[in-house]
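**Student:** Counting from 119, one number per residue, gives the positions in the sequence shown under this note's numbering. Below you will find the structure I want to go over with you.
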Amino acid sequence: MPVTPGTWGFYDYPGADSGCGSTCGVDYKTRFDDANLWLLCQTDALFPSIYLRSTNTTVNRANIDAELIETRRVRDVISQRCGRHLPIFTYTWAEYYVGLVVPWTQLLSAEDVDIAFVHPVAAWGVAGTVLWGDGAQVRNRTLCGDGVHSLSAWVNNTMGPRVLQASKDADACAATRCSGHGSCWGAKAATGVQCDCDVGWTGTSCERKILLHAEPTAASGGVDAKLL
119 MPVTPGTWGF YDYPGADSGC GSTCGVDYKT RFDDANLWLL CQTDALFPSI
169 YLRSTNTTVN RANIDAELIE TRRVRDVISQ RCGRHLPIFT YTWAEYYVGL
219 VVPWTQLLSA EDVDIAFVHP VAAWGVAGTV LWGDGAQVRN RTLCGDGVHS
269 LSAWVNNTMG PRVLQASKDA DACAATRCSG HGSCWGAKAA TGVQCDCDVG
319 WTGTSCERKI LLHAEPTAAS GGVDAKLL
């Protein structure tokens, strides 16, 4: 059967923990990502992991920021070297992640839902999140039931409303700040909100369309690009 085209990339790459876990230093992790840029350039997206390993919201935010700072650094390098503007999709769990050998414990608090799902979009321009789990969660009667501590109740009452509002805010920002031709990021940065422009658009507010002309130019010997 033919393979259906889709978005592909490498799980857990890039990021501050890429390839070696918490035992490696930051310099090693940076070198590891840089050594694999040639491979990441061939992908359609970047998939860092941002599991919340603590119930301390401040610690969780610092860890997520570290992962996404490195991811955006790699993304910018790929854009410069390979001419590809890759979206970022994070991997995380609905629960606090304490390792695969430890049974399910508790679902993320409202504050940590904001840290895991809303903050990455507003601050780092993440395009989406892959929410997943394992067999132990499926077999957990509390989690899979219909009580106040169930996954369905958490989605309906805690995660769902926050993610829905974040999506509306992102759409509104894209329409106003980025001229409807990009997405916002950097909401918490000192420099303020910036735009990641869609392919074919440029400018600080993605207000200028890039026109490609098929005729080669004397200067470039290739395709001539002009701005509207």
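For each residue, glycine too, the CB sits at the ideal point set by N, CA and C. Predicted, not measured: the structure shown is a model, and the values here were computed from it.
(1) State yes or no: is the C-beta of residue 238 within less than 8 Å of the C-beta of residue 231?
(2) What does the alpha-carbon distance come out to for the pair residue 265 and residue 272?
(3) With distance defined between alpha-carbon atoms, name the residue in 295, 213 and 193 nearest to residue 261.
(4) At the level of alpha carbons, what is the spacing between residue 126 and residue 148?
(5) So the candidates are 315, 320 and 247; which of them puts its Cα closest to the Cα of residue 284?
(6) So, is residue 240 buried or exposed, given that buried needs 16 or more other C-beta atoms within 10 angstroms?
(7) Could you check the C-alpha separation between residue 250 and residue 303 for me, to the nearest Å?
(8) Is residue 198 a contact residue of the ligand PLP, with contact defined as CB to any heavy atom under 7 Å?
(9) With residue 210 as the anchor, note down where its beta strand (DSSP E) starts and where it stops.
(10) Just to confirm before moving on: does the CB-CB distance between residue 206 and residue 164 stay below 8 Å?
(11) Taking the alpha-carbon positions, what's the residue 316 to residue 256 distance?
**Tutor:** Let's see:
(1) Mapped onto the sequence shown, residue 238 falls at position 120. Mapped onto the sequence shown, residue 231 falls at position 113. No. Outside cutoff.
(2) Against the sequence shown, residue 265 aligns to sequence position 147. Against the sequence shown, residue 272 aligns to sequence position 154. So the two alpha carbons sit approximately 10 Å from each other.
(3) The residue given as residue 261 occupies position 143 in the sequence shown. Nearest C-alpha to residue 261: 213.
(4) Within the sequence shown, numbered from 1, the residue matching residue 126 stands at position 8. Within the sequence shown, numbered from 1, the residue matching residue 148 stands at position 30. Whole-angstrom Cα-Cα distance: 22 Å.
(5) Reading the sequence shown from its first residue, position 166 is the one you call residue 284. Checked all of 315, 320 and 247; the closest Cα to residue 284 is 247.
(6) Residue numbering aside, residue 240 sits at position 122 when the sequence shown is read from its first letter. Label assigned to residue 240: buried.
(7) Counting from 1 along the sequence shown, the entry for residue 250 is found at position 132. Counting from 1 along the sequence shown, the entry for residue 303 is found at position 185. Rounded to whole angstroms, residue 250 to residue 303 spans 25 Å at the Cα level.
(8) For the ligand PLP, the structure offers nothing, since it holds no ligand at all.
(9) Sequence index remark: in the sequence shown, residue 210 carries index 92 (1-based). Segment 207 to 210, the beta strand (DSSP E) holding residue 210.
(10) One-based indexing of the sequence shown puts residue 206 at position 88. One-based indexing of the sequence shown puts residue 164 at position 46. In this structure, residue 164 lies closer than 8 Å to residue 206 by Cβ.
(11) Residue mapping note: residue 316 aligns to position 198 of the sequence shown, counting from 1. Residue mapping note: residue 256 aligns to position 138 of the sequence shown, counting from 1. About 38 Å.
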